[in-house]
Structures are given as structure tokens and as C-alpha cells.
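Here the sequence shown is numbered in my numbering, starting from 46 and rising by one per residue. Backbone N, C-alpha and C define an ideal beta-carbon position, used for all residues, glycine too. Computed from a prediction, not measured in an experiment: that's the story for all the values here. The structure appears right after this line, and notes come after that.
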Amino acid sequence: MNSITIVGNLTKDAQTRQAGDGTVTGFSIAENKRIKGEDKTIFYDCSMWGDRGARIAEYLTKGGQVTVVGELLPIREKDGKFYIDIRVNDVSLPKRSNADTGGF
């Protein structure tokens, strides 16, 4: 297995759905990179299987920063945009003060 860590901003709210006999939470992260002298945006399509993904989905909202660790799947390019699929193993959110989270 390979492993990748990405820090980026969520492009939309996470969505959880039933898939087979389990749940999967999907979300997308955008990261700006310089590739061959050009500024490009790379989009990471992330999927997190099981209850952990469903529990964290409410905190994965558009524009928020997130760090994910997971397995890198093949890169795709469409209309000049690069898409990378990641099977997520772990998600980290930026720390918030107790005032922001109600002590959570």
C-alpha cells in the first residue's frame, strides 16, 4: 500500500451514502500546485468507508481546511484539471478554541 498526506480546502460539503452493506462518506479537496511552470489546481476525490466517515461528515463543510491520510489511487486529467482519488484512512481538522466548538 502507498500512503499520501494532503492538506487542502473542501470544495463541497461531505456526503454520506449507503454502499453495499456499509456506508461511504465522499468529499473533495482542492490544492493549488505549480506543475511544469504553470499554476494548476489539483482535485482530490476522497472516500472514507464506515462509521468514522459518517460521524465526521458534519464537520467537513465547503471551504474548510482538512488534512487527510490515505491510499493514493491513479491520477486522472479532464479539461485541464487533475483528479486524484484517495481512499481515506484518517482525517484531521484544524484545532478550534473551546469558544468555537462549545467545548467539544
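- For the pair residue 83 and residue 53, the CB atoms are not nearer than the 8 Å cut-off.
- Between the C-alpha atoms of residue 58 and residue 104 there is a straight-line separation of about 9 Å.
- Under DSSP, residue 78 forms a beta bridge with 85.
- Comparing C-alpha distances from residue 68 to each of 86, 78 and 92 shows the shortest one belongs to 92.
- By the Cβ-count criterion, residue 64 is exposed, with fewer than 16 other Cβ atoms from all chains shown falling within 10 Å of its own Cβ.
- In this model, residue 85 and residue 94 are separated by some 29 Å (Cα to Cα).
- The Cβ atoms of residue 56 and residue 98 do not sit closer than 8 Å to each other.
- Contact between residue 134 and residue 114 holds: CB atoms are separated by about 5 Å, below the 8 Å threshold.
- Of the candidates 101, 136 and 116, the residue whose Cα lies closest to the Cα of residue 49 is 116.
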